[in-house]
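In the working numbering, the protein residues as written are 168 to 848. Ideal Cβ positions, reconstructed from N, Cα and C, are used throughout, including at glycine. What follows is one structure encoded as structure tokens, with my remarks underneath.
Put into structure tokens, the structure is as follows:
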């Protein structure tokens with residue numbers, strides 16, 4: 168599975184542009200999107216204007232220091248956001264280079280004309296072949312293959328060098344601009360106008376241009392605004408109380424008190440946390456169309472997973488021949504091999520291998536006069552007419568239906584018994600018949616992926632219920648579900664069944680995630696709270712889902728849930744730290760401010776700070792420097808370990824709540840000692 172390399176947080180090519188962007192973000196039109204930082208900037212501006220005003224008992228040097236640290240508080244907040252955006256911009260630059268100056272061979276009837284990719288419109292047909300420069304044509308726009316089949320190198324998008332097959336019809340028809348055709352020739356119907364393609368949306372998302380605040384982020388922002396208003400009102404009443412007590416509090420001290428009271432730490436990091444969450448997902452080769460989808464992934468209750476390719480390896484393998492009606496196993500094996508020589512599916516090839524290895528069948532090719540009967544979805548039978556005999560291979564019910572005379576025989580009864588045994592063992596039976604006579608069944612075994620049971624155990628620990636979806640009969644589905652360790656299964660599932668199951672779970676108040684790649688998955692993907700479409704899938708599936716997995720790995724849905732939980736945990740942990748931090752800062756600054764007016768408050772000076780001025784300056788300095796110290800944690804995310812919500816909450820409260828209380832006491836005291844030693848206050 169390809170991954171975009173994680174760039175170090177503190178390299179010159181990230182920090183230097185981020186510093187410039189941090190200053191540009193001081194524009195009030197941008198800053199007002201973060202109300203807490205906007206208030207801090209307004210207070211810093213006010214103190215800058217009043218720094219030369221005397222008569223308040225404070226030295227100009229002390230007030231200049233306050234002004235500097237208040238502005239640094241704002242700058243550290245804008246720097247955190249700029250650094251988070253910078254990581255996305257670096258990736259966007261490489262993506263933009265991928266689509267630069269693409270040309271297309273647009274078809275007009277039988278004529279072909281060369282045009283810039285920017286001239287293409289939805290509905291145009293373009294010809295793309297392996298004969299272009301650089302090993303093949305670049306696909307000029309997002310679209311669907313409407314004619315032909317070709318190998319496509321998608322390394323520019325996914326980072327994976329292995330080519331993939333794209334073909335007209337079916338669930339592997341979607342292609343992406345900037346990928347390269349390396350074999351054969353295809354015709355692609357353009358599905359996106361300029362600026363609306365997959366790469367364009369990906370570039371906008373990783374740059375942050377289309378990042379909208381999520382409901383959780385909006386709710387937290389409103390809470391921070393509410394706290395800011397409350398503390399603003401509280402601080403504005405202090406001059407009246409001071410006057411009543413026969414004293415006065417300088418404006419600079421009131422400003423310092425306000426900034427230490429309001430939740431500047433989490434406000435400064437909130438945007439960076441959201442951007443970094445989207446960035447981590449992109450680096451995991453998943454494109455989320457909105458932050459809401461990432462957030463929803465962290466709250467998922469039910470996970471729907473296809474069996475084939477997700478829980479099982481995907482290619483069923485022949486493991487046994489079971490003969491009926493007195494037929495010898497060797498005869499069944501030879502007939503099955505002849506019926507499978509022209510079958511290029513993994514199942515067909517595995518039948519040939521098993522017949523050769525177990526029974527020594529040496530036939531390597533069909534005679535020239537043999538007539539191959541291709542598999543169709545309607546008949547569900549394939550086979551061959553060879554040497555005057557008709558050999559059929561297919562679903563048991565279909566073989567019995569195609570040979571009515573065989574259904575009432577003892578061999579049919581035995582075949583049904585064997586079929587049930589294979590299904591209970593988690594396999595898929597294929598019946599084999601020759602000239603209307605039942606020969607037996609082939610045991611096709613679904614191989615459950617290694618380690619998948621343990622992964623489902625982790626999800627169970629997280630409180631997530633897993634449901635396997637399969638088209639198999641209930642007996643086979645039950646056997647695979649038991650082996651894989653899923654909580655439930657839906658057998659013989661149709662698109663309508665998937666949609667009904669999702670709606671039923673949602674009506675029960677649960678959030679549902681699922682993945683899919685076909686057009687028939689589109690309704691369920693659109694209905695699910697988190698719908699992950701495979702990049703190899705159809706355009707309909709990619710449009711319906713709110714996430715697209717560029718690696719087309721259905722099991723990645725498990726990691727997506729973990730990333731969503733990590734985002735929510737990071738935001739919650741840093742909010743807890745910030746609130747606890749503020750509580751500790753109150754013990755530093757409030758006694759220092761009012762001890763002259765109310766000597767009894769001296770008992771609250773538990774830190775034994777040097778002087779009121781030193782206490783105020785130390786609190787303001789700590790308030791500023793804690794922001795850049797937490798930037799790496801905000802961008803990397805809090806480490807997530809699968810566990811139930813209760814223990815997880817207890818752990819975070821212990822680590823970040825208690826840590827948030829202790830850190831300011833230690834930090835402010837150390838700064839106070841340094842301030843005193845340097846004579847800064």
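Backbone CA spacing between residue i and residue j [nearest angstrom]
| i | j | result |
| --- | --- | --- |
| residue 315 | residue 719 | 22 Å |
| residue 710 | residue 786 | 51 Å |
| residue 189 | residue 246 | 5 Å |
| residue 655 | residue 638 | 14 Å |
| residue 619 | residue 453 | 21 Å |
| residue 725 | residue 621 | 12 Å |
| residue 376 | residue 251 | Because the pLDDT at residue 376 is just 45, under 50, the model does not fix this residue reliably, and the value given afterwards should be weighed accordingly. Cα to Cα, residue 376 sits roughly 13 Å from residue 251. |
| residue 216 | residue 443 | 36 Å |
| residue 307 | residue 386 | 42 Å |
| residue 830 | residue 745 | 11 Å |
| residue 269 | residue 345 | 8 Å |
| residue 556 | residue 600 | 10 Å |
| residue 356 | residue 367 | 18 Å |
| residue 235 | residue 426 | 13 Å |
| residue 485 | residue 547 | 18 Å |
| residue 418 | residue 404 | 12 Å |
| residue 495 | residue 537 | 24 Å |
| residue 446 | residue 805 | 15 Å |
| residue 704 | residue 276 | 28 Å |
| residue 402 | residue 839 | 24 Å |
| residue 663 | residue 184 | 51 Å |
| residue 713 | residue 455 | 6 Å |
| residue 241 | residue 809 | 36 Å |
| residue 336 | residue 659 | 23 Å |
| residue 747 | residue 439 | 20 Å |
| residue 181 | residue 187 | 11 Å |
| residue 226 | residue 845 | 16 Å |
| residue 749 | residue 428 | 6 Å |
| residue 781 | residue 788 | 10 Å |
| residue 559 | residue 297 | 38 Å |
| residue 827 | residue 783 | 19 Å |
Pair within 8 Å by beta-carbon distance, residue i and residue j
| i | j | result |
| --- | --- | --- |
| residue 441 | residue 381 | yes |
| residue 497 | residue 611 | no |
| residue 778 | residue 848 | yes |
| residue 587 | residue 642 | yes |
| residue 534 | residue 553 | yes |
| residue 469 | residue 295 | no |
| residue 551 | residue 563 | no |
| residue 489 | residue 607 | yes |
| residue 696 | residue 708 | no |
| residue 742 | residue 801 | no |
| residue 585 | residue 491 | yes |
| residue 349 | residue 318 | yes |
| residue 464 | residue 731 | yes |
| residue 422 | residue 756 | no |
| residue 160 | residue 573 | Residue coverage of the chain in this structure runs from 168 to 848, which leaves residue 160 outside it and unanswerable. |
| residue 388 | residue 437 | yes |
| residue 312 | residue 333 | yes |
Cβ-Cβ separation, residue j to residue i (assumed contact under 8 Å), whole Å
| i | j | result |
| --- | --- | --- |
| residue 395 | residue 206 | 6 Å |
| residue 669 | residue 699 | Actually they are not in contact, since the Cβ atoms of residue 669 and residue 699 sit about 13 Å apart, beyond 8 Å. |
| residue 504 | residue 519 | 5 Å |
| residue 303 | residue 358 | Rounded, the Cβ-Cβ distance is 21 Å, inconsistent with contact. |
| residue 691 | residue 717 | With 8 Å as the limit, residue 691 and residue 717 do not qualify as a contact, their Cβ atoms being about 21 Å apart. |
| residue 208 | residue 193 | 7 Å |
| residue 233 | residue 214 | 6 Å |
| residue 605 | residue 578 | 4 Å |
| residue 244 | residue 274 | Residue 244 to residue 274, Cβ: 53 Å. No contact. |
Proximity test, Cβ basis, 8 Å: residue i and chain D
| i | result |
| --- | --- |
| residue 381 | No chain D is part of this structure, which consists of one protein chain only. |
Sequence ranges, beta strand (DSSP E) only - wholly within the region 379–460, length at least 3: Within the region 379–460, the complete beta strand (DSSP E) runs of at least 3 residues are 453–455.
Give the list of continuous beta strand (DSSP E) stretches no shorter than 3 residues that lie fully inside the region 552–585. List check, beta strand (DSSP E) in window: 556–561.
Is it a yes or a no for the region 791–811 touching the region 426–434, going by three-plus beta-carbon pairs under 8 Å? At 8 Å Cβ cutoff, the stretches touch.
Are the region 641–656 and the region 472–479 in contact at 8 Å, needing three or more beta carbon pairs? Put simply, the region 641–656 touches the region 472–479. At least three CB pairs are less than 8 Å apart.
Runs of beta strand (DSSP E) wholly within the region 665–702 (minimum 3 residues, chain order): Within the region 665–702, the complete beta strand (DSSP E) runs of at least 3 residues fall at 679–683 and 697–701.
Answer yes if the region 522–530 comes into contact with the region 560–578, meaning at least three C-beta pairs across the two stretches below 8 Å, and no otherwise. Too few Cβ pairs lie closer than 8 Å, so no.
Within the region 709–784, note down every full alpha helix (DSSP H) run reaching 4 residues or more, in order along the chain. Segments of the alpha helix (DSSP H) lying fully in the region 709–784: 723–761.
Every unbroken beta strand (DSSP E) inside the region 479–529 [3 residues or more]: Entirely contained in the region 479–529, the beta strand (DSSP E) runs reaching 3 residues are, in chain order, 484–490.
Continuous alpha helix (DSSP H) assignments of at least 4 residues falling wholly in the region 793–848: Here the runs fully enclosed are 812–819 and 825–845.
In chain order, which alpha helix (DSSP H) runs of at least 4 residues are fully inside the region 205–293? As far as the region 205–293 is concerned, its whole alpha helix (DSSP H) runs of at least 4 residues are 227–266.
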